[in-house]
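Numbering (our numbering), first residue to last: 1074 to 1202. Encoded as structure tokens, the structure appears first; notes follow it.
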């Protein structure tokens, strides 16, 4: 989870920019991609190590987090939308889409933060019991 935490901190440096120029916006999107990748892969490993669940896709990992009660229904919907946006950033570039996704990243940042915090909390409880 260290990689995911570092990526999240890096994303946090850009998320706070109120009126980003095009380069800052695109850098934010790139850091979002990196942060999302690191987070879902940490979550995949968490599910395997702690919950005994072996899932191979981001959406499967997110659904499994709902099944083990680490995400609410609403959070699961937001997380799945985040995957959709992440997939769009990886395959296309469109100015209008970039603006929309950049706007969405402001709501994804706290979701990613919460995701990592919940895994950390559960790991601490797991290893301290």
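Ideal Cβ positions, reconstructed from N, Cα and C, are used throughout, including at glycine. All values derive from a computational prediction rather than experimental measurement.
Under the Cβ criterion (8 Å, minimum of three pairs), the segment 1172-1191 counts as touching the segment 1148-1164. By the criterion of a C-beta distance shorter than 6 Å, residue 1107 is surrounded in its chain by 1080, once the five residues flanking it on both sides are discounted. Between the C-alpha atoms of residue 1197 and residue 1149 there is a straight-line separation of about 23 Å. Across the structure, residue 1158 and residue 1110 are spaced so that their CA atoms are roughly 12 Å apart. DSSP, read as helix, strand or coil, puts residue 1174 in helix. Per DSSP, reduced to three states, the secondary structure at residue 1088 is helical. The Cβ-Cβ distance between residue 1134 and residue 1163 does not fall below 8 Å. Scanning 1167, 1147, 1200 and 1118 for the CA closest to the CA of residue 1131 turns up 1118. For residue 1095, the enclosing alpha helix (DSSP H) has its first and last residue at 1095-1119. Residues 1161 of the same chain have their beta carbon placed closer than 7 Å to that of residue 1170, with the five preceding and five following residues left out of the count.
Taking residue 1199 as reference, the option from 1120, 1104 and 1100 with the minimal CA-CA separation is 1120.
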